[in-house]
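Let me begin by presenting the structure, written as structure tokens, before commenting on it.
4 protein chains.
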Amino acid sequence: MKKKVYEFINEDSWFQKFIYTLIILNVLSLILASYKEIFGMYKVFFELFELFSVIVFSIEYVLRLWTADLHFEKGTSFSKRIKFSVSTYGLIDLISILPFYLPLFFPFDLRVLRILRLFRLLRIFKLGRLSKSLQTIMSVLKDSRSELSLTLFVAFILLILSSTLMFYVENDAQPDKFENIGQSLWWSVATLTTVGYGDIYPITPLGKLLSSAIAIIGIGVLALPTGIISSAFINRLEMDKKSEKECECPNCGTKF
Amino acid sequence: MKKKVYEFINEDSWFQKFIYTLIILNVLSLILASYKEIFGMYKVFFELFELFSVIVFSIEYVLRLWTADLHFEKGTSFSKRIKFSVSTYGLIDLISILPFYLPLFFPFDLRVLRILRLFRLLRIFKLGRLSKSLQTIMSVLKDSRSELSLTLFVAFILLILSSTLMFYVENDAQPDKFENIGQSLWWSVATLTTVGYGDIYPITPLGKLLSSAIAIIGIGVLALPTGIISSAFINRLEMDKKSEKECECPNCGTKF
Amino acid sequence: MKKKVYEFINEDSWFQKFIYTLIILNVLSLILASYKEIFGMYKVFFELFELFSVIVFSIEYVLRLWTADLHFEKGTSFSKRIKFSVSTYGLIDLISILPFYLPLFFPFDLRVLRILRLFRLLRIFKLGRLSKSLQTIMSVLKDSRSELSLTLFVAFILLILSSTLMFYVENDAQPDKFENIGQSLWWSVATLTTVGYGDIYPITPLGKLLSSAIAIIGIGVLALPTGIISSAFINRLEMDKKSEKECECPNCGTKF
Amino acid sequence: MKKKVYEFINEDSWFQKFIYTLIILNVLSLILASYKEIFGMYKVFFELFELFSVIVFSIEYVLRLWTADLHFEKGTSFSKRIKFSVSTYGLIDLISILPFYLPLFFPFDLRVLRILRLFRLLRIFKLGRLSKSLQTIMSVLKDSRSELSLTLFVAFILLILSSTLMFYVENDAQPDKFENIGQSLWWSVATLTTVGYGDIYPITPLGKLLSSAIAIIGIGVLALPTGIISSAFINRLEMDKKSEKECECPNCGTKF
Chain A
1 MKKKVYEFIN EDSWFQKFIY TLIILNVLSL ILASYKEIFG MYKVFFELFE
51 LFSVIVFSIE YVLRLWTADL HFEKGTSFSK RIKFSVSTYG LIDLISILPF
101 YLPLFFPFDL RVLRILRLFR LLRIFKLGRL SKSLQTIMSV LKDSRSELSL
151 TLFVAFILLI LSSTLMFYVE NDAQPDKFEN IGQSLWWSVA TLTTVGYGDI
201 YPITPLGKLL SSAIAIIGIG VLALPTGIIS SAFINRLEMD KKSEKECECP
251 NCGTKF
Chain B
1 MKKKVYEFIN EDSWFQKFIY TLIILNVLSL ILASYKEIFG MYKVFFELFE
51 LFSVIVFSIE YVLRLWTADL HFEKGTSFSK RIKFSVSTYG LIDLISILPF
101 YLPLFFPFDL RVLRILRLFR LLRIFKLGRL SKSLQTIMSV LKDSRSELSL
151 TLFVAFILLI LSSTLMFYVE NDAQPDKFEN IGQSLWWSVA TLTTVGYGDI
201 YPITPLGKLL SSAIAIIGIG VLALPTGIIS SAFINRLEMD KKSEKECECP
251 NCGTKF
Chain C
1 MKKKVYEFIN EDSWFQKFIY TLIILNVLSL ILASYKEIFG MYKVFFELFE
51 LFSVIVFSIE YVLRLWTADL HFEKGTSFSK RIKFSVSTYG LIDLISILPF
101 YLPLFFPFDL RVLRILRLFR LLRIFKLGRL SKSLQTIMSV LKDSRSELSL
151 TLFVAFILLI LSSTLMFYVE NDAQPDKFEN IGQSLWWSVA TLTTVGYGDI
201 YPITPLGKLL SSAIAIIGIG VLALPTGIIS SAFINRLEMD KKSEKECECP
251 NCGTKF
Chain D
1 MKKKVYEFIN EDSWFQKFIY TLIILNVLSL ILASYKEIFG MYKVFFELFE
51 LFSVIVFSIE YVLRLWTADL HFEKGTSFSK RIKFSVSTYG LIDLISILPF
101 YLPLFFPFDL RVLRILRLFR LLRIFKLGRL SKSLQTIMSV LKDSRSELSL
151 TLFVAFILLI LSSTLMFYVE NDAQPDKFEN IGQSLWWSVA TLTTVGYGDI
201 YPITPLGKLL SSAIAIIGIG VLALPTGIIS SAFINRLEMD KKSEKECECP
251 NCGTKF
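Residue numbers (full-length UniProt numbering), protein chains in the order written: chain A, 1 to 256; chain B, 1 to 256; chain C, 1 to 256; chain D, 1 to 256.
Given below as structure tokens:
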């Protein structure tokens, strides 16, 4: 019977579709509840829906914990359950329902409660177990991890350099905007990502000149992560297609 | 005679060029009519031009409906005409002239009339039947449909995550700007697409830090659709070129 | 002697370097003259420099016209000179010195004079004849002309569609900003190129939703020209490198 | 013993990790010291930390100078030390500690002292000697130097052209914003890099039309450096991977 339950929650059944829909509804509910007028009118409904979601997700968690010995190959029945508990999805499953249970056992002040409630947002990552395409993206990101961390490091150095220079150049003219290098870093990020909100920008001729040089040269460097993710992703998609086609040597018929 | 009409409206004749020009003029007229001074002065002209356009497009629609049995291969004469009526271009042809005919039969209030008039904008898609290059682009978009919908889904998750976090972080400091997650989503879109109008942006140190991280990491993810469309398009253009060249094996002369 | 002059002005001599430097100085002078204080103080110098430049460029033009029969292969001596006069560089050479000569023969009002003076800016394109790398870029742009014009056409349709929709959605809420589709087009360009000055943006919920969808979907389409130019350019650079390397068949030694 | 010292400072020892950490802490200290409140409270700490850092970096510099004859292959002991002193890293090592020593020997006014102190920022480049991945990026940038300088030149011409045109178009309507071509250049950079702070933008219809055309066409050209750096970088990463795999001819077993 345990095997049947395991297959039921892991294979493409109506249970998966139900969980999938429930996650989407949870996200929608989180968004709608942020509208004060809506939350005020339908407070009871939001709370009932949260209660229902937690019950479902709790049952799902217990079932997954129970069938964990079928999920992993090696180890004792107990060690497999620990293995599930500390796996990424195991933790996500647990933490995303904790904001409901914790306040029942421990008295929290409002500030902590509010942060706790944010953990419900983790439910969105539960989609990762259900959606195959999300798994692809995550594995692509994992593959290009070393390149990404390298370019993020370079981008970080560039941000530090440009913000420090701009702080020294603009601080005299705009002591309130370029107050410290922290503010200057905010300018650097807005400029190098080309977002440019317009809340902070250089006004001195030297500052504008420096900012122009930083923008033209720096955008290329900050574009690297974008390029790497894009190319890694496209590469993966092409590899999936290629694996179907094979080249046949015209001489001896060997495939290569 | 029906065959002659069918060829006349579907082959590269002066009729196609006339329809093509008329569509462009319709778009121009729609733009010019939005200028109140211009519309006030030439109101009669705009209405006469609309009348003329609707007559031409109506004749075109009737002719296409009449010759539909030459356009499709299978089915009875009647089923072919139904087939045309519910095809994409058949619907575009019909809906883009409806705003003229409907008010003659049904009394609408002004609000509905205004929305109805927007359907005239669909005439721009009639260009798709005439321009071969537009057909290429649409088929490219169709080819990379699955990749596009996947990345749009990921972008959507990213937008939800970042906007919910920013709402919790900035709501206290800017209750009027980050009023609800809807407002926060507007900020997310403006930031992750790097448009950055500057009407809404974080002001707290934590908000700026979070926003910086979101901008640097997230832009890469939202750039994926761009990369996919670009690569799909360039791929298509290269394939068109390659199809002309063939590699000859240097050993046995076999082409492969 | 004519052949010597032809080689002198077309080969890598001090004359070319002199012309190159003079063009750069002309651009700098144009920029500096736009500063009222600087122009007021050194007005005589700017006019003397312009006089000197026009004399040099005029001599260059006369020499090129004189040696045009050595530049082209076919045709009579006279037809070759006409050929040069109507060539791109021949026209640039002529038009960029015309703002000096025309007012001597025809009385112009100030408005026309000012536009005429702008033609001096064309001198910057004279660099194209001297710099080999600029020629490469121009030929790359020529190669991908058809793809570029196609995507520009698609971008144009997208701009029209989005601006018309936004005009109908935002016109009631912001009659002064989204006054007509012209204003709305300005918003579309600022949004789809992700410049986002922040002088015009949607404020209604429907407008923000529509704008978000347009931004996310549309940026991909408008990024196409970028992608095409980039790929064409990189392709050219790679082809230049490849032409040196050749693959040798491991079986029979034939190169392919 | 000299050899042991040389190996100690150049091989993967705790000394390298210590220097690495010290550089990061120096950057953090520079950022924190820009916060007036923090600097006011912990002034003594910042000065002691700077003293400590300078002592360590000075010892490192002396050791590197002393062991320079083991680092280079050719030349006399003295010429090798000169070679190190004028090498990039030798100069960075020296200049980044100079702001401490120079004021001890020469009396400087405050303005010069402030600029001198900026040289401490150069310490961040000392990371380049320690981090292999930073060396990769720098060599990639060196490889595509010619393409980069070419596209920067083209971007420069585009900036000049667009800013001069916009100056003539917008100067009458906004004499304070588009005051001179310098201001206009600032607009060009903000527009073509798509940063768009919103402090300066066209308001006349002609200016908006011109600006739209410049934005759509120009962004492609300014995106070239980005594309080149990206492709060069990805190319390098792929080459590193490829060097491990080799193709075997299916016929005769020859690798190629």
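Even for Gly, the Cβ is constructed at its ideal location relative to N, Cα and C.
Close Cβ partners of residue i (< 6 Å) along its chain, the five nearest in sequence each way excluded
{"i": "residue 265 (chain B)", "result": "Beyond the ends of chain B as shown, which are 1 and 256, falls residue 265 (chain B); an answer cannot be given."}
{"i": "P202 (chain D)", "result": "E170, K208, S211"}
{"i": "F100 (chain C)", "result": "V54"}
{"i": "S188 (chain D)", "result": "L159, S162, S163"}
7 Å CB neighbourhood of residue i in its chain, flanking five on each side removed
{"i": "L63 (chain B)", "result": "V5, I9"}
{"i": "C92 (chain A)", "result": "Looking at the sequence provided, one finds Ile at residue 92 (chain A) rather than Cys. Same-chain partners within the cutoff: L122, F125, K126."}
{"i": "N138 (chain A)", "result": "The sequence shown places Met at residue 138 (chain A), not Asn. So the qualifying residues of the chain are G128."}
{"i": "L134 (chain A)", "result": "L127, G128"}
Interface flag, residue i vs chain C, CB-CB below 9 Å
{"i": "Y197 (chain A)", "result": "yes"}
Where residue i sits in the DSSP three-state scheme
{"i": "Q174 (chain D)", "result": "coil"}
{"i": "G90 (chain C)", "result": "helix"}
{"i": "E60 (chain B)", "result": "helix"}
{"i": "E248 (chain D)", "result": "Bear in mind that a pLDDT of 46 at E248 (chain D), under 50, signals an unreliable position, so the number given afterwards is only what the model happens to contain. Three-state result, E248 (chain D): strand."}
{"i": "I24 (chain A)", "result": "helix"}
{"i": "G40 (chain A)", "result": "helix"}
{"i": "G75 (chain A)", "result": "coil"}
{"i": "F15 (chain D)", "result": "helix"}
{"i": "S211 (chain D)", "result": "helix"}
{"i": "G196 (chain D)", "result": "coil"}
{"i": "F153 (chain B)", "result": "helix"}
{"i": "D143 (chain A)", "result": "helix"}
{"i": "residue 273 (chain D)", "result": "There is simply no residue 273 (chain D) to check, as chain D begins at 1 and stops at 256 in what is shown."}
{"i": "Y168 (chain C)", "result": "helix"}
{"i": "K255 (chain D)", "result": "Bear in mind that the predicted position of K255 (chain D) carries a pLDDT of just 49, short of 50, making it unreliable; the figure below should be weighed with that in mind. Of the three classes helix, strand and coil, the one that applies to K255 (chain D) here is strand, per DSSP."}
{"i": "G137 (chain B)", "result": "Checking the sequence, you will find Ile at residue 137 (chain B) rather than Gly. Three-state result, I137 (chain B): helix."}
Alpha-carbon spacing of residue i relative to residue j, whole angstroms
{"i": "I216 (chain A)", "j": "A155 (chain D)", "result": "9 Å"}
{"i": "L158 (chain C)", "j": "T193 (chain C)", "result": "12 Å"}
{"i": "V195 (chain A)", "j": "G207 (chain C)", "result": "20 Å"}
{"i": "I113 (chain C)", "j": "R120 (chain C)", "result": "Checking the sequence, you will find Leu at residue 113 (chain C) rather than Ile. One C-alpha to the other measures close to 12 Å."}
{"i": "K3 (chain B)", "j": "K17 (chain B)", "result": "20 Å"}
{"i": "G218 (chain D)", "j": "P175 (chain A)", "result": "35 Å"}
{"i": "N180 (chain C)", "j": "I24 (chain B)", "result": "18 Å"}
{"i": "T136 (chain C)", "j": "D143 (chain C)", "result": "11 Å"}
{"i": "E60 (chain D)", "j": "S85 (chain D)", "result": "13 Å"}
{"i": "E37 (chain C)", "j": "K177 (chain D)", "result": "16 Å"}
{"i": "Y42 (chain B)", "j": "T191 (chain A)", "result": "46 Å"}
{"i": "I214 (chain D)", "j": "S79 (chain B)", "result": "51 Å"}
Minimum Cβ-Cβ distance from residue i to chain D less than 9 Å
{"i": "K17 (chain C)", "result": "no"}
{"i": "residue 289 (chain B)", "result": "This structure leaves residue 289 (chain B) out entirely; chain B is present only between 1 and 256."}
{"i": "G182 (chain A)", "result": "yes"}
{"i": "T21 (chain C)", "result": "no"}
Residue i: contacting residues in chain E (beta-carbon distance under 9 Å)
{"i": "F52 (chain B)", "result": "Structure shown: chain E not included; protein chains present are A, B, C and D."}
9 Å Cβ cutoff, residue i in contact with chain B
{"i": "K177 (chain C)", "result": "no"}
Min CB distance residue i to chain A below 9 Å
{"i": "Y35 (chain D)", "result": "yes"}
{"i": "V56 (chain D)", "result": "no"}
8 Å Cβ shell around residue i - same chain, five flanking residues per side excluded
{"i": "F108 (chain A)", "result": "L102, L116"}
Exercise. Which residues, taken in chain order from the region 82–101 of chain B, show a beta carbon closer than 8 Å to some beta carbon of chain D?
Worked result: none
Exercise. According to a CB-to-CB cut-off of less than 9 Å, which residues of the region 62–77 of chain C neighbour chain D?
Worked result: none
Exercise. When you check each C-beta in the region 145–163 of chain C against every C-beta of chain B, which residues fall closer than 7 Å?
Worked result: E147, L150, V154, I157, I160, L161
For this session: Check each residue of the region 117–134 of chain A: if its Cβ is closer than 9 Å to any Cβ of chain B, include it; give the result in chain order.
Result: R117, L118, L121, I124, F125, L127, S131, S133, L134
For this session: With 7 Å as the limit, tell me which residues of the region 206–219 of chain B have their beta carbon closer than that to any beta carbon of chain A; keep them in chain order.
Result: K208, S212, A215, I216, I219
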